[in-house]
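Structure, as structure tokens:
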Ligand code: AHG
Ligand code: MN
Ligand code: MN
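Residue numbers (our numbering): 543 to 878.
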């Protein structure tokens with residue numbers, strides 16, 4: 543089977559020249575992420591066998607319990623990127639502040655920064671349900687040769703150079719974009735190689751799946767409640783099907799293949815929703831737009847927002863274009 547498919551390594555080399563500022567550096571960075579993905583995949587796959595399930599006994603800056611795999615995935619990703627000396631800064635869900643790489647030496651020659659959600663869907667770890675990793679890559683805005691600053695990380699999603707996710711599911715896939723469409727690669731675990739299995743992934747223009755934690759319904763804004771009722775009405779191709787895994791990566795991946803909308807609205811309990819703009823929403827928004835879909839905060843494009851904080855949260859509506867537009871319409875109408 544593998545003969546038919548290009549490997550990720552081959553794909554990266556072939557596409558290097560199409561990057562806008564091609565110097566091989568971004569290719570090396572994607573290669574490092576490929577390696578980190580394999581390392582984390584190895585840990586996730588044996589999670590039931592060794593003592594890495596459960597809580598790590600600590601909380602992150604956002605007050606969430608850290609799971610052992612959260613901590614482990616964070617360490618593996620950061621270590622892999624540091625070792626390869628290809629980024630000048632990293633920010634992670636699991637780190638209070640951004641990390642400046644090489645800040646002690648005078649070089650700082652690398653121009654890329656990475657933001658990661660090392661383990662997405664933590665609540666699914668202990669029950670053998672798909673989890674993921676999300677990454678987002680930018681060119682630094684401060685001068686090469688100086689330590690990175692917060693300004694390098696607080697860039698609008700529109701500045702992303704590349705973004706992607708790894709889904710540790712029934713098979714492990716790495717899906718990413720460098721601004722030229724979205725491609726998905728499946729890991730053959732026997733030989734540790736990713737193969738191009740899903741070239742040029744696209745959201746169907748509309749779909750029949752809505753993904754939202756309906757347990758929070760009572761706390762949602764009226765427009766979101768109205769849209770959910772619309773999804774459930776019997777008319778035309780409705781009612782839609784409800785599917786919610788609770789791992790953004792997995793819910794997004796399914797919706798991209800089948801057509802659907804993912805929603806994490808603000809609520810009376812969480813005024814900005816739950817998901818983080820920089821390492822969850824922006825990378826997924828970049829992928830969505832590159833795959834003919836849409837990503838919105840309920841009013842406008844996620845990637846146009848100017849971030850103000852590293853761990854900033856934002857309401858998130860993402861998926862098939864027509865469905866996201868319909869949700870926006872209900873939200874706008876309820877505000878009239
Ligand atoms: P993380 O595990 O990185 O903290 O992210 C979890 C996120 C997202 O993946 C998921 O869709 C959402 O939280 C689920 O939240 P609820 O349990 O509130 O529905
Ligand atoms: Mn997450
Ligand atoms: Mn996480």
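We treat Cβ as the ideally placed atom computed from N, Cα and C, and that holds for glycine.
Since this is a predicted model, take the numbers as computed values, not measurements.
On the three-pair Cβ rule with 8 Å, is the region 782-793 touching the region 836-852? no
What would DSSP say about residue 768, mapped onto helix, strand or coil? helix
Can you find the residues in the same chain that come closer than 6 Å, C-beta to C-beta, to residue 640, ignoring five residues on each side of it along the sequence? 631, 633, 695
Return the bridge partner residues of residue 885 from the DSSP annotation. The structure shown does not extend to residue 885, since the chain spans only 543 to 878, so no value can be given for it.
Less than 6 Å between C-beta atoms, sequence neighbours within five positions excluded: which residues of the same chain meet that for residue 724? 743, 829, 832, 833
Within the structure, which residues are defined as neighbours of ligand 3 by a Cβ-heavy atom distance below 5 Å, reported in chain order? 635, 659, 661, 662
Buried/exposed call for residue 686, threshold 16 Cβ in 10 Å: exposed
How about residue 738 and residue 571: do their beta carbons lie closer than 8 Å? no
Between which two residues does the alpha helix (DSSP H) holding residue 569 run? 567-587
I think residue 706 touches residue 677, with their Cβ atoms under 8 Å apart; what is that distance to the nearest whole Å? 6 Å
Please find out if some non-hydrogen atom of ligand 1 comes closer than 7 Å to the beta-carbon of residue 793. yes
Assigned exposure category for residue 836 - 16 Cβ within 10 Å defines buried: buried
Alpha carbon to alpha carbon, what distance is there between residue 589 and residue 543? At residue 543 the pLDDT is 49, less than 50, meaning the model places this residue with poor confidence and gives no usable figure here.
How about residue 637: is its Cβ closer than 7 Å to a heavy atom in ligand 2? no
Leaving out the 5 sequence neighbours to the left and right, which residues in its chain are closer than 6 Å to residue 839 when beta-carbon positions are compared? 856, 857
Using a threshold of 7 Å, is the CB atom of residue 822 nearer than that to any non-hydrogen atom of ligand 2? yes
With DSSP run on the structure shown, which of helix, strand or coil describes residue 796? helix
If you measure from the CB of residue 568, is any heavy atom of ligand 2 nearer than 7 Å? no
At a cut of 8 Å, does the region 800-815 reach the region 762-771 through at least three beta carbon pairs? yes
Please tell me whether residue 684 and residue 675 are closer than 8 Å, where the distance is taken between their beta carbons. no
Delimiting residues of the alpha helix (DSSP H) encompassing residue 551: 550-557
Whole-angstrom distance between residue 703 and residue 720, CA atom to CA atom: 6 Å
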